[in-house]
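Residue numbering for the sequence shown follows the working numbering, beginning at 12 and increasing consecutively.
Backbone N, C-alpha and C define an ideal beta-carbon position, used for all residues, glycine too.
Source: prediction; values computed, not measured.
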Amino acid sequence: MLTVEEVRDLLAPRVVGVWNQGDSLTLEVVDLEVVQRGRQFSVYLEVVAPDGRWLVRCDRGSDESHLFNPCPPETLLAWVATALRIELFEWWETKAAERRTAKQGVRLDD
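Okay, here's the thing in structure tokens:
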């Protein structure tokens, strides 16, 4: 079984960096942390957004916990990275309107 640090090291090259959503929005993931709770885990993304720095929590389900198996498949790593990207942009677009979504992010530069 892989440790959270090993899973972080597998995800980081696929997640850390500048993400563009068309011409309208750029978010930069500068770091990430993986926290495991039983068969579920969360990925905390440190993000530089147009309005400042944020820490955004993305909860992952038990289906994706196979990342902790030795030698997780490349397709699963790619899927989790894509899901994190989608969830981050959804969070950005809905954080002002939905309380549940807003709770996923904490501003770091207040």
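### Task
For residue 19, name the three-state secondary structure that DSSP assigns.
Looking at residue 19 - three-state DSSP - the assignment turns out to be helix.
### Message
I'd like the span of the beta strand (DSSP E) that includes residue 64, first residue to last.
### Response
63 to 71 is the extent of the beta strand (DSSP E) around residue 64.
### Query
By Cβ distance, which residues of its chain are closer than 6 Å to residue 57, with the 5 residues on each side in sequence left out?
Taking residue 57 as the centre and dropping the five residues before and after it, the same chain places the C-beta of 41, 42, 66 closer than 6 Å to its C-beta, in chain order.
#### Entry: Separation of residue 28 from residue 20, as counted between CA atoms
Cα to Cα, residue 20 sits roughly 14 Å from residue 28.
### Message
Looking at the secondary structure, which residues open and close the beta strand (DSSP E) in which residue 48 lies?
### Response
Residue 48 -> beta strand (DSSP E) spans 36 to 48.
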